[in-house]
Amino acid sequence: VVYNSLYGATSGHPTLGSDSETADPNDRRRFNIAKFGAYRLNTAASLMPSWDKSIPVDAKESWRDPAVVEAYQKEALASDSTSGDRKPAAFRSPSGAMEDSFYLASGRQLWDAASITARVLVIRSENDFWSRPDDVTTLEGHLVNAARVRSVTIRGATHYVHLDRSERGRLQLITEVVRLLSESDNTASR
72 VVYNSLYGAT
82 SGHPTLGSDS
92 ETADPNDRRR
102 FNIAKFGAYR
112 LNTAASLMPS
122 WDKSIPVDAK
132 ESWRDPAVVE
142 AYQKEALASD
152 STSGDRKPAA
162 FRSPSGAMED
172 SFYLASGRQL
182 WDAASITARV
192 LVIRSENDFW
202 SRPDDVTTLE
212 GHLVNAARVR
222 SVTIRGATHY
232 VHLDRSERGR
242 LQLITEVVRL
252 LSESDNTASR
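Going by the numbering used here, the first residue of the sequence shown is number 72, and it counts up by one from there.
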């Protein structure tokens with residue numbers, strides 16, 4: 072399952088590539104490691120702005136359950152045993168994933184999908200700010216050795232569809248993954 076992923080299809084990503092804050096100001100083609108270091112610190116509050124911006128309604132609770140928000144923040148902080156050592160509490164996340172995303176958003180392909188021989192489900196949320204339709208198209212074209220490839224765009228869904236309410240796309244996401252896992256190797260062809 073490839074979910075809301077960049078694949079290095081094109082350059083020019085609006086929030087992650089060479090025109091973003093993640094670029095080195097001395098060489099916009101490079102990730103700004105001086106700014107981000109080996110890892111970034113994230114507070115519970117820092118998890119919310121991108122999610123808030125991606126929800127197209129003012130009443131955010133209609134899109135996501137406040138209990139899920141609380142659990143998301145709590146478990147993110149719990150993922151780092153040192154998070155409580157900082158005020159406010161903050162968990163460390165490796166900058167390597169952000170660096171990879173920078174280069175993928177800049178058009179650099181970091182892995183070769185032609186090596187994949189398993190069944191593949193590519194899922195993209197329609198309103199995802201991270202992945203792009205071109206990433207899906209390019210990935211599909213490179214999955215030449217996959218047993219089967221199926222792509223699904225979840226209409227109206229956000230990057231956080233796995234955390235959003237069921238009717239906002241989470242149920243479809245889960246249904247698609249379960250469907251893939253339930254298929255036998257003889258079901259449907261590429």
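The beta-carbon is built from N, C-alpha and C at its ideal position, and this holds for glycine as well.
Is there contact here, the segment 151–169 with the segment 182–190, by at least three beta-carbon pairs under 8 Å? Not touching, per the Cβ criterion.
Please list, in chain order, all residues of the same chain as Phe81 whose beta carbon is under 6 Å from its beta carbon, the five residues on each side excluded. The question names Phe, but residue 81 in the sequence shown is Thr. Apart from sequence neighbours up to five positions away, the residues of its chain that approach Thr81 with a beta-carbon distance below 6 Å are Gly178 and Asp205, ordered along the chain.
Below 8 Å on the Cβ atoms is my contact criterion, and I expect Pro127 with Asn198 to pass it. Report the Cβ-Cβ distance as a whole number of Å. Your pair Pro127 and Asn198 checks out as a contact, with CB atoms roughly 7 Å apart and the cut at 8 Å.
Quick check: what's the CA-CA separation for Thr229 versus Asn216? Taking the straight line from one Cα to the other gives about 30 Å.
Pull up the distance between the alpha-carbon of Arg236 and that of Asp136, whole angstroms please. Distance between the alpha carbons of Arg236 and Asp136: 6 Å.
Leaving aside the five residues before and after Tyr110 along the sequence, list all residues of the same chain whose C-beta is less than 8 Å from its C-beta, in chain order. Closer than 8 Å at Cβ, skipping near neighbours: Arg163, Ser164, Pro165 and Ser166.
Taking the alpha-carbon positions, what's the Ala176 to Thr209 distance? If I take the Cα positions, the gap works out to 13 Å.
Given that a residue counts as buried once 16 or more other Cβ atoms are within 10 Å of its Cβ, and exposed if not, what is Trp182? Counting Cβ neighbours within 10 Å, Trp182 comes out exposed, since fewer than 16 surround it.
Output the distance between the C-alpha atoms of Ile194 and Thr153, rounded to the nearest integer angstrom. About 34 Å.
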